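Number 643 in this note's numbering belongs to position 105 of the sequence shown; there are no gaps in the numbering.
Each residue gets a CB set at the ideal place from its N, CA and C atoms; glycine is no exception.
Model, not experiment: these values are computed from the prediction.
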Amino acid sequence: SLEHRANHVHNFALFTLREIGKNMNPRQPPGAASPAAYLIADALEGLRQSTGITGEFLPAGKALDNGFRPDARVSLQVAGKSLQYNCVVKQTVDRFVNLHEVKARAVFDETTLLVSQPLTSALAARCQELGVQFIDTAGNAFITDRQGVLISVTGRKAEKESLSVPRGVSITPAALKMI
Numbered sequence: 539s540l541e542h543r544a545n546h547v548h549n550f551a552l553f554t555l556r557e558i559g560k561n562m563n564p565r566q567p568p569g570a571a572s573p574a575a576y577l578i579a580d581a582l583e584g585l586r587q588s589t590g591i592t593g594e595f596l597p598a599g600k601a602l603d604n605g606f607r608p609d610a611r612v613s614l615q616v617a618g619k620s621l622q623y624n625c626v627v628k629q630t631v632d633r634f635v636n637l638h639e640v641k642a643r644a645v646f647d648e649t650t651l652l653v654s655q656p657l658t659s660a661l662a663a664r665c666q667e668l669g670v671q672f673i674d675t676a677g678n679a680f681i682t683d684r685q686g687v688l689i690s691v692t693g694r695k696a697e698k699e700s701l702s703v704p705r706g707v708s709i710t711p712a713a714l715k716m717i
């Protein structure tokens, strides 16, 4: 009955999909609960599936001497070595200009790693030309310690396209009509 439903605090109809996704049982990868942490966790899993290389979150730490503040830090286990990286996390890098903007705004050196959604083969090649190490959620990667470790995986695409609603977006009747 309507009276019975009104007495319940968690009536589904009272919550938008945004509130449900944000507040109710969010998944939390180790290290942090930010959107960047989810993307890093997915990229580390993609790297593990494509190469067998494992990685883990490290405490983010403070800004570096040059003023650059990484979004996160990871440690990768490669050929018996533990390689530690400062991460620059970008949800989408889908154009060359995006890549150049990312490189201009962050300090990319041998300890910096770009983490993103899947990069195209052309963007992966451009990363290599620019010396930008990266991992993406499809398992593509370019990693080098310039002392004998070189990992280059390109051409992998996301396993499945999802029609799910992006985090932070509400579905309205008008939006459903457009879909």
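Here Ile681 carries a strand assignment [DSSP, helix/strand/coil].
With contact defined as three or more Cβ pairs closer than 8 Å, the stretch 663–680 and the stretch 571–587 are in contact.
Note that the C-beta distance between Asp609 and Glu648 is not below 8 Å.
By alpha-carbon distance to Thr658, the top candidate from Leu651, Leu582 and Leu637 is Leu637. In the DSSP assignment, Ser690 is bridged to Phe680.
Distance from the Cα of Ala660 is smallest, within the candidate group Ala575, Leu582, Asp632 and Thr592, for Asp632.
Going by DSSP, Thr592 is part of the beta strand (DSSP E) stretching over Thr592 to Leu596. In this structure, the beta-carbon distance from Val653 to Phe606 does not fall below 8 Å. Judged by their CB atoms, Ala601 and Arg611 are not nearer to each other than the 8 Å cut-off.
By DSSP's assignment, Phe672 forms a beta bridge with Leu652 and Phe680. Counting C-beta atoms within 10 angstroms of its own C-beta, Gln685 has fewer than 16 neighbours from the protein chains shown and is therefore classed as exposed. With a beta-carbon spacing of about 5 Å, Ala581 and Ile673 fall inside the 8 Å limit used to define contacts. DSSP places Ser588 in the uninterrupted alpha helix (DSSP H) bounded by Pro573 to Thr589. In the three-state DSSP reduction, Arg664 falls in the helix class (H, G or I).
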